[in-house]
Ligand code: NAP
Ligand code: GCO
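Residue numbers (the working numbering): 1 to 259.
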């Protein structure tokens with residue numbers, strides 16, 4: 001049997017109305033999984049359902065705020081048995097720490113760290129009953145590295161790396177594998193502000209910085225995450241647990257070119 005096949009499995013990708021989540025859900029769908037996804041906006045969900053259909057995937061999509069535990073439980077009850085959970089939904093706020101309100105800090109942590117806990121808690125009992133499960137948490141370079149203005153995001157993504165290891169520790173005995181994917185800098189709406197052209201038409205300084213810091217000499221594309229996601233969602237990774245797979249073009253391995 002093809003160890004990368006997801007036939008007969010149901011995958012729930014949170015926040016998969018676009019960006020990285022959409023690409024991961026598309027990949028899991030093409031590997032045979034039934035796709036379930038959620039987001040906050042009904043219009044985003046409807047547009048995404050059409051976009052999945054254009055890719056040959058009949059996805060079940062709907063509105064569910066991943067920070068709302070009752071909404072998550074209702075969503076999972078409606079979705080049925082979840083074999084693969086991808087905790088992808090996330091936001092970022094780029095504000096110098098001492099200018100950030102505690103409310104904004106909490107909102108980022110709520111979505112990027114507490115929500116993966118809520119969603120994992122909603123699906124793990126069923127995975128235990130069925131004797132298998134896959135949980136993939138979408139971490140970040142900031143699970144390892146700090147950067148100015150992203151204190152809440154880095155704290156959340158660093159915590160998400162440790163939540164990944166803790167789910168591994170607590171539920172590995174039930175044949176549940178919980179791993180992370182750590183994307184590098186990926187060209188999606190979330191990073192669009194870091195890539196926008198300057199008034200004089202030149203490239204954004206951060207754009208130039210990231211390309212110079214990346215051995216692959218380019219930004220990542222959401223498609224670069226498709227293969228790693230299928231691997232971690234499939235039987236091919238049944239003895240991989242508590243690991244964060246960095247898909248970053250080599251950034252974490254590279255000190256950077258001498259100016
Ligand atoms: P994106 O384009 O902004 O997409 C984020 C998705 O999350 C949207 O579909 C959004 O849906 C959904 N979402 C946000 N809050 C939600 C909530 N409370 N409940 C349900 N859905 C919610 O971002 P992206 O670049 O694809 O990032 C996806 C994940 O990868 C995030 O966890 C991000 O931190 C991580 N990541 C991104 C990069 C990168 O360079 N882009 C690198 C490393 C990690 P609606 O707006 O439709 O509600
Ligand atoms: C930022 C970026 C990053 C990426 C990603 C890198 O402002 O530094 O948004 O945080 O989103 O997390 O792995």
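Beta carbons are placed, not taken as given, at the ideal position from N, Cα and C, and that holds for glycine.
Cβ shell of residue i (< 7 angstroms), same chain only, five flanking positions each side left out
i	result
residue 150	92, 94 and 142
residue 3	234, 235 and 236
residue 251	141, 184, 213 and 214
Residue i: CB within 6 angstroms of a non-hydrogen atom of the ligand GCO
i	result
residue 3	no
residue 151	no
residue 71	no
residue 140	yes
residue 298	The question about residue 298 has no answer here: the residues shown for the chain are numbered 1 through 259.
residue 164	no
residue 188	no
residue 191	yes
Cβ-heavy atom distance, residue i to the ligand NAP, below 6 angstroms
i	result
residue 91	yes
residue 32	no
residue 119	no
residue 183	yes
residue 39	yes
residue 128	no
residue 17	yes
residue 66	yes
residue 204	no
residue 49	no
residue 88	yes
residue 20	yes
residue 111	yes
Residues of its chain near residue i, where Cβ-Cβ distance is below 6 angstroms and the 5 sequence neighbours each way are ignored
i	result
residue 303	An answer regarding residue 303 cannot be provided, because it is not within the stretch 1 to 259 covered by the chain.
residue 154	142 and 146
Sequence-distant residues of the same chain with beta carbon closer than 8 angstroms to residue i, five excluded per side
i	result
residue 248	141, 182, 183, 184, 185, 214 and 220
residue 233	6, 9, 11, 28, 31, 33, 84, 86, 134 and 136
residue 47	17
residue 256	212 and 213
residue 123	12, 76, 82, 85, 133 and 135
CB contact flag (residue i, residue j, <7 angstroms)
i	j	result
residue 241	residue 172	yes
residue 20	residue 222	yes
residue 105	residue 59	no
residue 229	residue 24	yes
residue 131	residue 175	yes
residue 194	residue 209	no
residue 56	residue 45	no
residue 112	residue 90	yes
residue 139	residue 244	yes
How do the region 69-88 and the region 7-20 stand: do at least 3 beta-carbon pairs fall below 8 angstroms, yes or no?
-> yes
Count the C-beta pairs between the region 60-71 and the region 99-118 that are closer than 8 angstroms, then say yes if the count reaches three, no if not.
-> yes
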